[in-house]
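Written below as structure tokens is the structure these notes are about.
Number of protein chains: 2
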Amino acid sequence: MAQARRYAGGVDGNRSLERGIEILRAFRPGVDTLGNGEIAERTGLPRSTVSRLTRTLVNSGMLDEVRAMRAYRLAASVISIGHAMRTGSPVLNAIGAMMRAESAKRRLNVGLATADRTMMVYLESIRYSPRAALRNVVAGQQVPMELTSLGRAYLAGIAEAERERLLKLFKRRSAAATKALLADVRTSIRSVERNGYCAVSWQPGVLAVATPIVLGGLPVYALNMSLQNVDRSEALAGEIGAYLNAFAAKCKEVLAGQ
Amino acid sequence: MAQARRYAGGVDGNRSLERGIEILRAFRPGVDTLGNGEIAERTGLPRSTVSRLTRTLVNSGMLDEVRAMRAYRLAASVISIGHAMRTGSPVLNAIGAMMRAESAKRRLNVGLATADRTMMVYLESIRYSPRAALRNVVAGQQVPMELTSLGRAYLAGIAEAERERLLKLFKRRSAAATKALLADVRTSIRSVERNGYCAVSWQPGVLAVATPIVLGGLPVYALNMSLQNVDRSEALAGEIGAYLNAFAAKCKEVLAGQ
DNA sequence: CCAGCGTTTCCACTAAGTGGAATTAGGGGG
DNA sequence: CCCCCTAATTCCACTTAGTGGAAACGCTGG
Chain A
5 MAQARRYAGG
15 VDGNRSLERG
25 IEILRAFRPG
35 VDTLGNGEIA
45 ERTGLPRSTV
55 SRLTRTLVNS
65 GMLDEVRAMR
75 AYRLAASVIS
85 IGHAMRTGSP
95 VLNAIGAMMR
105 AESAKRRLNV
115 GLATADRTMM
125 VYLESIRYSP
135 RAALRNVVAG
145 QQVPMELTSL
155 GRAYLAGIAE
165 AERERLLKLF
175 KRRSAAATKA
185 LLADVRTSIR
195 SVERNGYCAV
205 SWQPGVLAVA
215 TPIVLGGLPV
225 YALNMSLQNV
235 DRSEALAGEI
245 GAYLNAFAAK
255 CKEVLAGQ
Chain B
5 MAQARRYAGG
15 VDGNRSLERG
25 IEILRAFRPG
35 VDTLGNGEIA
45 ERTGLPRSTV
55 SRLTRTLVNS
65 GMLDEVRAMR
75 AYRLAASVIS
85 IGHAMRTGSP
95 VLNAIGAMMR
105 AESAKRRLNV
115 GLATADRTMM
125 VYLESIRYSP
135 RAALRNVVAG
145 QQVPMELTSL
155 GRAYLAGIAE
165 AERERLLKLF
175 KRRSAAATKA
185 LLADVRTSIR
195 SVERNGYCAV
205 SWQPGVLAVA
215 TPIVLGGLPV
225 YALNMSLQNV
235 DRSEALAGEI
245 GAYLNAFAAK
255 CKEVLAGQ
């Protein structure tokens with residue numbers, strides 16, 4: 005038997021840890037409280053295993069037990085780890101202040117995101133508002149990769165193989181308008197290649213324009229600028245795109261100098 | 005042998021998962037990039053084990069590999085989980101908007117925090133600034149429990165046994181000014197019991213006042229109000245304390261109605 | 001090209017984890 | 001008040017998945 009013996013502590017990673025993380029991932033906006041049964045269903049893990057792993061996660065401070073409901077919630081630890089991530093992000097550190105300044109100067113929203121599986125997650129999202137007292141930052145929010153300018157810019161920035169892998173996943177997910185959607189995505193990608201940016205109106209009345217940021221040794225990021233309460237027009241997209249290209253160039257310059 | 009056989013899938017939790025979480029925890033503000041060796045040192049785990057677990061964490065999307073430095077960084081996933089936590093927090097959902105309004109009305113900083121081990125972590129921290137354009141929210145930031153009004157209010161709010169456990173930990177940590185510090189902490193706790201709040205100037209020039217929020221079935225939280233560029237005075241502390249008590253009462257009312 | 005160091009892989013060993021079945025705990029409803 | 005019903009937890013025979021010291025590997029700077 006030529007097949008070499010596969011040892012358990014092997015290359016494919018630690019099963020329990022993987023499963024524990026998957027449990028944490030089962031909580032997301034809109035799913036704030038989960039019992040062991042529901043977790044088992046969502047993750048496909050056996051009930052007894054879930055019971056043991058949730059116990060561990062509670063002991064480690066990642067979950068809070070809601071005894072009254074026989075359920076769990078994400079604990080405060082997860083945001084302190086999240087905070088550490090933002091704090092340690094070299095890209096956000098380098099250009100966060102510039103993003104805020106740019107938002108004020110151009111009077112539009114500026115965001116920075118990267119991928120989490122098939123979603124884009126905002127590292128920072130500065131919402132411009134003339135009444136500046138309103139909330140301005142949403143970090144950690146997810147938006148779908150296929151449907152947003154951010155996601156498509158990201159797709160344009162990553163390696164061929166990874167891109168095709170993701171496109172296949174989108175195909176599998178949305179059985180419906182797949183053909184049109186994928187064509188749309190590819191158009192956006194081509195737009196990035198040609199003009200440096202792509203424009204998408206994912207939500208009605210908001211025009212978003214995004215561009216990838218590719219740096220060796222770091223994940224690919226995407227920068228975007230957006231405006232609410234406007235109609236999508238080529239002219240406007242072009243204008244914002246020009247701002248974005250200029251801003252991204254400045255950012256890359258700063259980032260190149262570590 | 006009376007000792008019942010202890011089975012491995014036992015009550016004490018899953019070892020690998022615990023260790024994986026400990027690795028994530030090793031990253032914190034100021035420690036943004038860690039190699040396997042450094043992780044092994046900080047966590048006390050054997051190098052080969054760390055190597056396997058970090059691989060798993062990369063596969064699960066919790067860590068990014070920085071190949072150039074043979075090191076890892078927290079990945080974007082952690083902030084999306086953090087975001088889910090904030091989104092799902094019933095307390096933050098119930099009183100977040102009120103906190104913002106209160107900050108504007110009273111012209112001071114308003115914060116909400118809870119414990120992560122021996123640290124307090126902000127779920128929300130609204131920094132009042134007359135020039136409202138400045139950044140306003142810091143979620144996930146940690147401050148030491150023993151030294152802050154937030155932490156001492158928390159200590160006043162939790163059960164006796166847990167409080168004593170924590171106090172013992174503080175004693176072990178800061179070998180130095182322990183006696184005075186612990187007395188100080190107990191004074192603050194008594195202040196909470198008597199007046200509903202305690203006042204501490206942890207950072208020079210900022211006066212912070214905090215009160216616990218205790219709800220059945222949820223972790224204990226602490227609310228605080230603070231002001232920069234002031235001297236600590238009993239009068240001022242009393243004034244802010246009164247505001248805080250009033251505000252906390254309103255919050256508890258809202259929270260009581262789920 | 002080699003030396004030195006940190007990382008990854010190997011592998012014998014077995015404790016640690018697994019999951020189906022049995023048990024227990026909770027919490028309405030009769 | 002007690003009894004069901006549901007869902008979570010514990011039990012435990014089984015064995016695989018994980019462990020960690022040692023060896024191999026692969027950078028990087030001299």
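Which chain is which? The protein sequence lines are A and B, in order. Here our numbering is used: the first residue of the first sequence is 5, the next is one more, and so on. Here our numbering is used: the first residue of the second sequence is 5, the next is one more, and so on. Backbone N, C-alpha and C fix where the C-beta goes; we use that ideal spot for every residue, glycine too.
Distance between residue j and residue i (C-alpha atoms, nearest Å)
i	j	result
VAL62(B)	ILE25(B)	13 Å
GLU238(A)	ALA212(A)	12 Å
TYR132(A)	LEU112(A)	5 Å
ARG169(A)	ALA30(A)	23 Å
THR191(B)	ALA157(B)	11 Å
GLY48(A)	VAL54(A)	10 Å
ILE130(A)	LEU231(A)	12 Å
ALA117(A)	ALA143(A)	9 Å
GLY305(B)	LEU185(A)	Outside the displayed span of chain B (5 to 262) sits residue 305(B), for which this structure offers no information.
LEU171(A)	SER107(B)	46 Å
LEU38(A)	LEU96(B)	18 Å
THR60(A)	GLU22(A)	13 Å
ASN18(A)	PRO50(A)	17 Å
ILE244(B)	LEU219(B)	23 Å
ALA103(A)	ASP68(A)	Looking at the sequence itself, residue 103(A) is Met, so the reference to Ala does not match. Using only the alpha carbons, I get a separation of about 35 Å.
CYS255(B)	ALA260(A)	48 Å
TYR201(B)	ILE193(B)	8 Å
ASN249(A)	GLN146(B)	37 Å
GLY41(B)	ALA101(A)	33 Å
ASP235(B)	GLY221(B)	38 Å
ARG71(B)	SER81(B)	19 Å
LEU28(A)	LEU78(A)	7 Å
GLU164(B)	PRO33(B)	31 Å
MET5(B)	SER52(A)	With a pLDDT of 32 at MET5(B), under the threshold of 50, the modelled position of that residue is not reliable, and the figure given next carries that caveat. Spanning the two alpha carbons is a distance of roughly 29 Å.
ASN233(A)	LYS109(A)	19 Å
Chain B contact for residue i (CB, 7 Å cutoff)
i	result
VAL18(A)	Reading off the sequence, residue 18(A) comes out as Asn, not Val. Chain B contact via Cβ: present.
VAL82(A)	yes
THR47(A)	no
ILE162(A)	no
GLY155(A)	no
VAL125(A)	yes
ALA165(A)	no
THR118(A)	yes
is_contact[residue i, chain A] using C-beta, thresh 7 Å
i	result
GLY115(B)	no
ARG177(B)	no
MET89(B)	yes
LEU21(B)	yes
ILE99(B)	no
ILE3(B)	Outside the modelled stretch of chain B, which goes from 5 to 262, sits residue 3(B), for which no answer is possible.
VAL70(B)	yes
ALA143(B)	yes
LEU78(B)	yes
ASP188(B)	no
GLY86(B)	yes
GLY24(B)	yes
Those residues which DSSP pairs with residue i across a bridge
i	result
ASN113(A)	SER230(A)
CYS255(B)	None, per the DSSP bridge assignment.
TYR76(A)	LEU38(A), GLU69(A)
THR118(A)	VAL125(A), TYR225(A)
VAL204(B)	ALA212(B)
Continuous beta strand (DSSP E) stretch holding residue i: start and end
i	result
ARG32(A)	Segment: none, ARG32(A) is in no beta strand (DSSP E) and carries neither H nor E.
THR215(A)	211-217
MET89(B)	Premise fails: MET89(B) lies in the alpha helix (DSSP H), 81-92, not in any beta strand (DSSP E).
SER129(A)	123-130
GLN267(B)	The first residue shown for chain B is 5 and the last is 262, placing residue 267(B) beyond what the model contains.
ALA143(B)	It is not in any beta strand (DSSP E) - ALA143(B) carries neither H nor E in the DSSP assignment.
Span of the alpha helix (DSSP H) around residue i
i	result
ILE193(A)	182-199
VAL224(B)	No alpha helix (DSSP H) contains VAL224(B), which DSSP labels as neither H nor E.
ILE162(B)	First-last for ILE162(B): undefined, no H or E at that position.
LEU57(B)	51-63
Residue i: CB within 6 Å of a non-hydrogen atom of the ligand PLP
i	result
GLY220(B)	Of ligands this structure carries none, so the ligand PLP is not represented either.
Which residues, taken in chain order from the segment 221-245 of chain A, show a beta carbon closer than 7 Å to some beta carbon of chain B?
Per Cβ criterion, the list reads GLY221, PRO223.
What are the residues of the segment 51-66 of chain B that lie near chain A, defined by any Cβ-Cβ distance shorter than 9 Å?
SER52, THR53, ARG56, LEU57, ARG59, THR60, LEU61, VAL62, ASN63, SER64, GLY65, MET66
Using a Cβ-Cβ cut-off of less than 8 Å, list which residues of the segment 27-42 of chain A approach chain B; keep chain order.
LEU28, ARG29, PHE31, ARG32, PRO33, GLY34, VAL35, ASP36, THR37
Which residues, taken in chain order from the segment 207-222 of chain A, show a beta carbon closer than 7 Å to some beta carbon of chain B?
GLY221
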